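Residue numbers (the working numbering): 1 to 234.
So the structure is just underneath, and the comments pick up after that.
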């Protein structure tokens, strides 16, 4: 849902999302894209960095209807209980209990322009998962790639974000994003750069490095595996 180990990105941005947060997105931000109807994506995230504990999260996202996606994430194992949270910051560690996300894509009259609205980090307890996060994002074709601009809000935390992705060859897409907190000082931002590549028709790998704006917070690396099941063929 960060640097993710973001080591307390909650101290930087004050927002908590589960790893890569299963809403469809770039590295640390959501986009207006959703999983197609009756497609299930199984995901596993590994996050960590220099002098940081590596921790692991599993999840899925599923297209329940046209333009509507749901997802669920949870920490894997107990050894990482004290690890910083994943994704766009957070307090306390990857959620030990499942947290859910829902997103709807609203086409805006052109296949190259859409608006996505969603809620993430919805858990049974705010003590273990943090507070829900709400977001809206515009995604549009921009030059040879796609640009993304949006707003993400959580209790006592408002954030703007931008992102850009561009294909490199037929299987790989380069991606970068920047999330800026509106409630803190000038260092309250988080950037990232990475890629996603298709190794097989149903298996994709993502990786990125997250770069916090505070010099006291170390960069964190994320490796993510995606296995795609098209249930409409069953």
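Don't be surprised by glycine CBs; every beta carbon is placed ideally from N, CA and C.
All values reported here derive from a predicted model rather than from experimental measurement.
{"query": "Beta-bridge pairing of residue 236 - partner residues as DSSP gives them", "result": "Residue 236 lies beyond the range of the chain shown here (1 to 234); nothing can be said about it."}
{"query": "CA-to-CA distance, residue 220 to residue 50, given in whole angstroms", "result": "8 Å"}
{"query": "Buried or exposed (CB count within 10 angstroms, at least 16 for buried), residue 269", "result": "Any question about residue 269 goes unanswered here, given that the chain covers just 1 to 234."}
{"query": "Within 8 Å, strictly: CB atoms of residue 160 and residue 175", "result": "no"}
{"query": "Chain-order list of residues whose beta-carbon lies under 7 Å from that of residue 25 (same chain, five-residue window excluded)", "result": "31"}
{"query": "Rounded straight-line distance, which links the Cα of residue 226 to that of residue 200", "result": "11 Å"}
{"query": "DSSP three-state assignment for residue 53, whether helix, strand or coil", "result": "coil"}
{"query": "Strand pairing of residue 196, partner residues [DSSP]", "result": "173, 206"}
{"query": "CA-to-CA distance, residue 233 to residue 218, given in whole angstroms", "result": "44 Å"}
{"query": "Residue of 105, 53, 76 minimising C-alpha distance to residue 67", "result": "105"}
{"query": "Among 97, 125, 193, the one whose alpha carbon lies nearest that of residue 222", "result": "193"}
{"query": "Backbone secondary structure at residue 75 - three-state DSSP", "result": "strand"}
{"query": "is_contact[residue 41, chain D] using C-beta, thresh 8 Å", "result": "In the structure shown, chain D does not exist; there is a single protein chain."}
{"query": "Pairwise C-alpha distance: residue 203 and residue 144", "result": "25 Å"}
{"query": "Residue 60 beta carbon less than 8 Å from that of residue 47", "result": "no"}
{"query": "CB-CB length for residue 137 against residue 122, believed under 8 Å", "result": "Going by Cβ atoms, the distance from residue 137 to residue 122 rounds to 18 Å, so no, they are not a contact pair."}
{"query": "Proximal residues to residue 215 (C-beta, below 7 Å), its chain only, five neighbours per side dropped", "result": "none"}
{"query": "N-terminal and C-terminal residue of the alpha helix (DSSP H) that residue 127 is part of", "result": "126-129"}
{"query": "Whole-number beta carbon distance between residue 140 and residue 28, since they are thought to touch under 8 Å", "result": "About 19 Å separates the two Cβ atoms, so there is no contact after all."}
{"query": "Where residue 182 falls: helix, strand or coil (DSSP)", "result": "coil"}
{"query": "Straight-line Cα distance separating residue 178 from residue 154", "result": "17 Å"}
{"query": "Where residue 166 falls: helix, strand or coil (DSSP)", "result": "strand"}
{"query": "C-alpha gap between residue 103 and residue 119, whole angstroms", "result": "7 Å"}
{"query": "Residue environment, residue 318, which counts as buried when at least 16 other CB atoms sit within 10 Å", "result": "As shown, the chain starts at 1 and ends at 234. That puts residue 318 outside it, with no answer to give."}
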